[in-house]
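If you count the sequence shown from 1, position 29 lands on 29 in my numbering, and the numbers rise without skipping.
Before any comments, here is the structure.
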Amino acid sequence: MGEASEYIKALLKLLPDEYAIPLYMYDLEGIEQKTISEKLNLTLPNTKSRIQRGRMKLKERFLECCVVDFDENGE
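Structure (structure tokens):
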């Protein structure tokens, strides 16, 4: 994994487990959402919601700690 993924792992540790664990499993380990829901004993919609909320919280943490420049397209 690259340097960016190491920063992401560190930021994930700052999130509550209910968001960090499904997000880590899906985005970093590549586990399917259905499998995550089964392993964590969650419904599939709940798993999807936690992944989305986790991404939003991760973005908030990232923007709090890092300087980010965007172009006119927001990229």
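Cβ coordinates follow ideal geometry from the N, Cα and C atoms, glycine included.
When the five nearest sequence neighbours on each side are left out, the beta carbons in the same chain lying within less than 7 Å of the beta carbon of Tyr24 are those of Leu12, in order along the chain. For Thr35, the number of other beta carbons within 10 angstroms of its own is below 16, and it is reported as exposed.
With contacts defined as CB atoms closer than 8 Å, Tyr19 and Arg53 qualify as a contacting pair. With a contact defined as Cβ atoms closer than 8 Å, Ile51 and Tyr26 qualify at about 5 Å. Spanning the alpha carbons of Glu64 and Lys57 requires a straight line of approximately 11 Å.
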